[in-house]
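Undergrad: Let me give you the structure first, and then I'll get to my questions.
Below, the structure is given as structure tokens:
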């Protein structure tokens, strides 16, 4: 179950993806769960690596407290990917946001909250958070992307259908449940957004850059998660928070 979402929505999404991938519902469900588990493992590895590096740098007296304050970016349009993110039933696959200015961030904080712009003083991140820029774009384009994110997503509620956040906004399909009932279901609500969707869609729509670094030959292509953005060949990390 996905919190805050009717059981029919995630089931319909998996059935739609199974049809698109020409596989069974059972196999597609396994692939979806596996892709989410992969994100959790990646996030945990990033966090643990950063804690280890921090202790190496600061010595035995160093701090391994997992929460930090977001740092200043180099430019508008820069991105952070944090190891401290939305937890769904204890699941943490990270968090991300885009800098509107060097000291303010546009992001979707998580469950039960709306997308906001906040000062870096108000944004908590985890150890291992990476700060990055999108390459091969002019500064004015990256700035325009940040402005687009602010104007488009500010105030939108959280999109719990995070595993389908790359599907067309407001996309509806008619799905058969057990061959008995056909229902029209919205797979990706147009009036809701999650953290990685906000960043990915802003760059996709305003700069025509796809920041999804998830392997193209693997299932899980219906969503962009935070660390997929960090893995993109169009993002370059310039700082890691220890």
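Residue numbers (this note's numbering): 1030 to 1271. Think of the CB as a built atom: it goes at the ideal place given N, C-alpha and C, for glycine as much as any other residue. Since the model is a prediction, treat every value here as computed from it, not as a measurement.
Can you give the Cα-Cα distance for residue 1138 and residue 1144, rounded to whole angstroms?
TA: Their backbone Cα atoms lie some 6 Å apart in a straight line.
Undergrad: How far does the alpha helix (DSSP H) with residue 1176 in it reach, from first residue to last?
TA: Where residue 1176 is concerned, the enclosing alpha helix (DSSP H) stretches over 1168-1182.
Undergrad: How would you call residue 1225, buried or exposed, if buried means at least 16 neighbouring beta carbons within 10 angstroms?
TA: Buried, by the Cβ-count rule.
Undergrad: If you scan the segment 1242-1269 from start to end, which runs of the alpha helix (DSSP H) of 4 or more residues do you find wholly inside it?
TA: As far as the segment 1242-1269 is concerned, its whole alpha helix (DSSP H) runs of at least 4 residues are 1255-1260.
Undergrad: Roughly how many angstroms lie between the CA atoms of residue 1217 and residue 1159, to the nearest whole one?
TA: Answer to the nearest angstrom: the Cα atoms are 28 Å apart.
Undergrad: In whole angstroms, what is the alpha-carbon distance linking residue 1077 and residue 1203?
TA: Roughly 43 Å between the two C-alpha positions.
Undergrad: Distance, Cα to Cα, residue 1098 vs residue 1123?
TA: Approximately 15 Å between the Cα atoms of the pair.
Undergrad: Between which residues of its own chain and residue 1168 is the CB-CB distance below 7 Å, once the five residues before and five after are set aside?
TA: Cβ neighbours of residue 1168 beyond the five flanking positions: 1104.
Undergrad: Quickly, what does DSSP pair residue 1065 with across the bridge? List them, please.
TA: None; residue 1065 has no bridge partner.
Undergrad: Just to confirm, are residue 1154 and residue 1263 a CB contact at a threshold of 9 Å?
TA: Their beta carbons are not under 9 Å apart, which means residue 1154 does not touch residue 1263 by this criterion.
Undergrad: Assign residue 1232 to one of two classes, buried (16 or more other C-beta atoms within 10 Å of its C-beta) or exposed (fewer than that).
TA: Residue 1232 comes out buried.
Undergrad: Nearest-angstrom Cα distance between residue 1107 and residue 1251?
TA: Using only the alpha carbons, I get a separation of about 24 Å.
Undergrad: For residue 1159, report the span of its beta strand (DSSP E) as first-last.
TA: Taken as a continuous stretch (DSSP letters only), the beta strand (DSSP E) holding residue 1159 covers 1159-1163.
Undergrad: Out of 1174, 1239, 1068, 1234, state which residue places its alpha-carbon closest to the alpha-carbon of residue 1192.
TA: Per the Cα distances, 1068.
Undergrad: Short of 7 Å in beta carbon distance, which residues of its chain neighbour residue 1142, apart from the five on each side in sequence? Order them along the chain.
TA: 1187.
Undergrad: Check residue 1046 in the structure and name its three-state DSSP category.
TA: The answer is helix: DSSP assigns residue 1046 an H, G or I state.
Undergrad: Tell me, please, which residues DSSP counts as bridged to residue 1192.
TA: Partner(s): none; residue 1192 has no beta bridge.
Undergrad: Which one of 1223, 1095, 1253, 1176 has the shortest CA to CA distance from residue 1080?
TA: Out of 1223, 1095, 1253, 1176, 1095 has the C-alpha closest to the C-alpha of residue 1080.
Undergrad: Since residue 1133 is in the beta strand (DSSP E), which residue starts that stretch and which ends it?
TA: Taken as a continuous stretch (DSSP letters only), the beta strand (DSSP E) holding residue 1133 covers 1133-1136.
Undergrad: DSSP three-state call for residue 1237: helix, strand or coil?
TA: Looking at residue 1237 - three-state DSSP - the assignment turns out to be coil, as it is neither helix nor strand.
Undergrad: Can you list, in chain order, the residues of its chain with a C-beta nearer than 7 Å to that of residue 1235? Leave out the 5 residues immediately preceding and following it.
TA: Cβ neighbours of residue 1235 beyond the five flanking positions: 1173, 1174, 1177.
Undergrad: Measuring CB to CB, does residue 1152 end up less than 9 Å from residue 1228?
TA: It is not a contact, given that the beta carbons lie outside the stated cut-off.
Undergrad: What do you get for residue 1266, buried or exposed, if any count of 16 or more other CB atoms within 10 angstroms of its CB means buried?
TA: Label assigned to residue 1266: exposed.
Undergrad: Are the CB atoms of residue 1222 and residue 1230 within a distance shorter than 9 Å?
TA: Yes, Cβ-Cβ distance for residue 1230 and residue 1222 is below 9 Å.
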